[in-house]
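Per UniProt numbering, residue 1 is the first one in the sequence shown, and the count goes up by one each step.
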Amino acid sequence: MRPLFRLLPALLLLAFSAPAAEPTNATEAAAQKAAAEKKAADQKINAEKFAAWKATLTPEQQAWETVLEQNLGMGFYLPIYQAEKLAGKVTAWDYVKDDPKLPRVLLIGDSISRGYTLATRKALAGVANLHRAPENCGPTANGLKKLPVWLGTGKWDIIHFNFGIHDRKTPLADYEQRLDSLATQLKATGAKVVWANTTPVAEGGMNDATNADLVARNEVAARVMQKHGITINDLYAWIEPDLAKFQNPKDVHFSSPGYDRLAEQVAAAITKIIPTLTSVNTAILPMSKLEKDGYGWEERHAEILKIKDTLNPEIVLIGDSITHFWGGLPDGAKMGNRGSETWQSLFGSRPVLNLGFGWDRTQNVLKRIQLGELDGLKPKAIVLHIGTNNLAKTVNARDNTPAEIAEAIGLIIEKAQAKCPGAQVILMAIFPRGKTAADPKRAILADINQRLAPLGQKPGITFLDITSKWLEADGSISKDIMPDALHPNQKGYAVWAEALKPVLDQTTK
């Protein structure tokens, strides 16, 4: 049997488009009266049971349930929600207990938004606290009335919102004015705001409007969002090519796979913003590839999953391009193998897995561990060198503080040790970068390394700081070992290999 929340669209259509027929005789009238009385009695019983369940909750949860009671409405959504909760089901309107390390995200929208809430929440697990407004938000007029209730008293980092289907008959000028007011208020919260274009409607899906009415409202919304500098998540264009596959016939609502498909795009739009936030430590939030360049992040990850178990590595290296370009497997091709001679002299025939990825920050390493790169491996040693790319500020991610980076590296070690409990982690101090000692990143790296050093006192961790081995007497970095003052060449990798050899010999003997 499908859960009630999946049946809501059909129930909603029945509730508003198929009223009970006028009775034609006393028998029919009595039957309708009995059905209405039974429905009222059942709702009363459920309400009493729900009140008893609510009394067992924490004060914070009870407060949320009260908000739902005040806003879902006894006529339709609230009874269904209460029945689902009494049955132990998970719903879009469930209380969300925030993880203080994660950003707070709010979804505002109608039944379409409600439909993709659970799948979006699942997709963002571990990187965001995803809440939704405590009702079917309806038209913009309702938004202007209820927005303070929906926003509550907490601070939001990201707000993803939509209006349109319920405004299909609202005059366009009025719609634009109301949407402009809502955009102004949402921007004033300080949150990053994302507008979701209204999704299409199947032919015959609405008796009082056509798909052209929704397109016209998306055009109005485009002007408003441009005015306010609000990002547009074009759900219309995302789902429209596969509408016949994902939308219910003659309906505005979607099948379960359809809502899952919409959730992919909603989660992607939210995820894109998270690395730029300043309110949380973005270095600890697992992220796939962030920089939009030609680097084959996904391809390299797939190759690692393909070879790792067969290779059964004795040693695993984890890092960014500095690690990747050294050599080993997976083959770094043209970009890699810059230290192949020293790789061979250090590792010889021992099986070694190179988990270095160009442009990786700590959050990318956490994602790769989450995606299974260490699963099932039993290495004797894990060499970790990561963090220098967290100093880079781009349009895709902000730079991180020394404290944030050190916390993230500690978390990586924790995750790596959980996956490979028998491995000794050799934590490298982040290598120096920049041509001279006056380079501003030098002091930042020194701060990070000072914070990392105490980790070497923990069981299973060796801290190895070879900063001085990269530097000339005046603090400069010679082109002979780091031509770009960041990536080692063959001679540079020999410096690393020489420092690693005695530690690895002791660890892997």
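Positions of the beta carbon are idealized from the N, C-alpha and C atoms, including for glycine.
- Quick one: is Arg-168 buried, meaning 16 or more other Cβ sit within 10 Å of its Cβ, or exposed? Arg-168 is classed as buried because its beta carbon has at least 16 other beta carbons within 10 Å across all chains shown.
- Quick one, which of Glu-341, Leu-355, Gly-356 has its alpha-carbon nearest Ser-349's? Residue Glu-341 is the option with its Cα nearest to Ser-349.
- Task: Please state whether DSSP places Val-495 in a helix, a strand or coil.
- Result: Val-495: helix per DSSP, three-state reduction.
- Message: Along the chain, where does the beta strand (DSSP E) containing Thr-462 start, and where does it finish?
- Response: That run of the beta strand (DSSP E) goes 461–464.
- Query: Between Asp-465 and Gly-356, what straight-line distance do the alpha-carbon atoms span, to the nearest angstrom?
  - Reply: Rounded to whole angstroms, the gap between the alpha carbons of Asp-465 and Gly-356 is 19 Å.
- Message: Please give me, in chain order, every unbroken run of the alpha helix (DSSP H) with length at least 4 that falls completely inside the UniProt domain "SGNH hydrolase-type esterase" (108–260).
- Response: Segments of the alpha helix (DSSP H) lying fully in the UniProt domain "SGNH hydrolase-type esterase" (108–260): 111–123, 140–151, 172–187, 211–228, 235–239, 243–246.
- Same chain only: Cβ atoms within 7 Å of Val-365, ignoring 5 sequence neighbours per side: Residues of the same chain with a CB within less than 7 Å of the CB of Val-365, apart from the 5 flanking positions on each side, are Ile-318, Ile-386, Ile-412 in chain order.
- Task: Check the DSSP bridge columns for Val-266 and list the partner residues they point to.
- Result: Paired residues: none, contrary to the question.
- Nearest neighbour of Leu-353, chosen from Asn-71, Asp-174, Glu-373 [CA to CA]: Of the candidates Asn-71, Asp-174, Glu-373, the one whose C-alpha sits nearest the C-alpha of Leu-353 is Glu-373.
- Can you tell me whether Leu-179 is buried or exposed, with buried defined as 16 or more other CB within 10 angstroms of its CB? Answer is buried; the Cβ neighbour count reaches 16.
- Going by Cα to Cα distance, which pick from Ile-426, Leu-452, Asp-474 is closest to Asp-505? It is Ile-426.
- Under the rule that 16 or more other beta-carbon atoms within 10 Å means buried, what is Asn-197, buried or exposed? Classification for Asn-197: buried.
- Message: With a threshold of 8 Å between beta-carbons, can Ser-256 be considered close to chain B, or not?
- Response: Although the question refers to chain B, the structure presented lacks it and comprises just one protein chain.
- Message: Suppose you measure from the CA of Lys-509 to the CA of Ser-468; what does that come to, to the nearest Å?
- Response: About 27 Å.
- Item | Exposure label - Gln-247; buried when at least 16 CB within 10 Å | With 16 or more Cβ atoms within 10 Å of its Cβ, Gln-247 is classed as buried.
- Query: If Thr-189 sits next to Ile-159, beta carbons under 8 Å apart, how far is it from one beta carbon to the other, in whole angstroms?
  - Reply: Correct: roughly 7 Å between the Cβ atoms.
- Item | Gly-456, DSSP secondary structure in three states | Of the three classes helix, strand and coil, the one that applies to Gly-456 here is helix, per DSSP.
- Task: Reducing DSSP to helix, strand and coil, say where Ile-386 ends up.
- Result: Three-state DSSP puts Ile-386 in coil, outside helix and strand.
- Query: Which same chain residues, not among the five before or five after Pro-379, have their C-beta less than 7 Å away from its C-beta?
  - Reply: The beta carbon of Pro-379 sits closer than 7 Å to the beta carbons of Pro-313, Glu-314, Ile-315, Val-316, Cys-420, Ala-423 from its chain, once the five residues preceding and following it are set aside; these are given in chain order.
- Distance, Cα to Cα, Lys-272 vs Arg-300? Going by the C-alpha atoms only, they are around 21 Å apart.
- Specify the secondary structure class of Leu-317 as computed by DSSP and reduced to three states. Strand, per DSSP.
- Report the three-state DSSP secondary structure of Arg-350 (helix, strand or coil). Arg-350 carries a coil assignment under DSSP once its states are collapsed to helix, strand and coil.
- Measure the CB-CB distance between Tyr-116 and Ala-263 and report whether it falls below 8 Å. Yes, Cβ-Cβ distance for Tyr-116 and Ala-263 is below 8 Å.
- Query: What is the DSSP secondary structure of Ile-477, counted as helix, strand or coil?
  - Reply: In the structure shown, Ile-477 sits in a strand (DSSP, three-state: E or B).
- Message: If you reduce the DSSP assignment to three classes, tell me which class Arg-442 lands in.
- Response: Reduced to three states, the DSSP call for Arg-442 is helix.
- Message: Asn-233 and Ala-269 - do their beta-carbons sit closer together than 8 Å?
- Response: Cβ distance < 8 Å, so Ala-269 and Asn-233 count as in contact.
- Message: I need the boundaries of the alpha helix (DSSP H) containing Val-67, first residue and last residue.
- Response: Where Val-67 is concerned, the enclosing alpha helix (DSSP H) stretches over 59–71.
- Can you name the start and end residues of the alpha helix (DSSP H) that Leu-366 belongs to? Here the alpha helix (DSSP H) through Leu-366 covers 362–370.
- Query: Which residue from Ala-183, Met-287, Arg-104 puts its Cα closest to that of Leu-371?
  - Reply: Answer by Cα proximity: Met-287.
- Task: Would you give the residue range spanned by the alpha helix (DSSP H) that Leu-427 belongs to?
- Result: Looking at the DSSP string, Leu-427 is not in any alpha helix (DSSP H); the run it does join, the beta strand (DSSP E), is 424–428.
- Please work out which residues of its chain come closer than 6 Å, Cβ to Cβ, to Pro-358, disregarding the five sequence neighbours upstream and downstream, and give them in chain order. The identity of residue 358 in the sequence shown is Gly, whereas the question assumes Pro. Once the five neighbours on either side are set aside, the close Cβ partners of Gly-358 are Tyr-295, Ser-321, His-324.
- So, helix, strand or coil for Gly-356, using DSSP? In this structure, Gly-356 counts as strand in the three-state DSSP scheme.
- For Thr-153, which option in Leu-384, Ala-443, Leu-445, Glu-60 has the closest C-alpha, if you only look at C-alpha atoms? For Thr-153, the closest alpha carbon among the candidates Leu-384, Ala-443, Leu-445, Glu-60 is that of Glu-60.
- Which residues in the same chain have their Cβ closer than 7 Å to the Cβ of Gly-376, if we skip the five residues on either side of it in sequence? If you ignore the 5 residues before and after Gly-376, its C-beta comes within less than 7 Å of the C-beta of Asp-309, all in its own chain and listed in chain order.
- Task: Verify whether the separation of the beta carbon atoms of Arg-361 and Gln-490 is less than 8 Å.
- Result: No, the Cβ-Cβ distance between Arg-361 and Gln-490 is not below 8 Å.
- Item | Where the alpha helix (DSSP H) through Tyr-81 begins and ends | That run of the alpha helix (DSSP H) goes 78–86.
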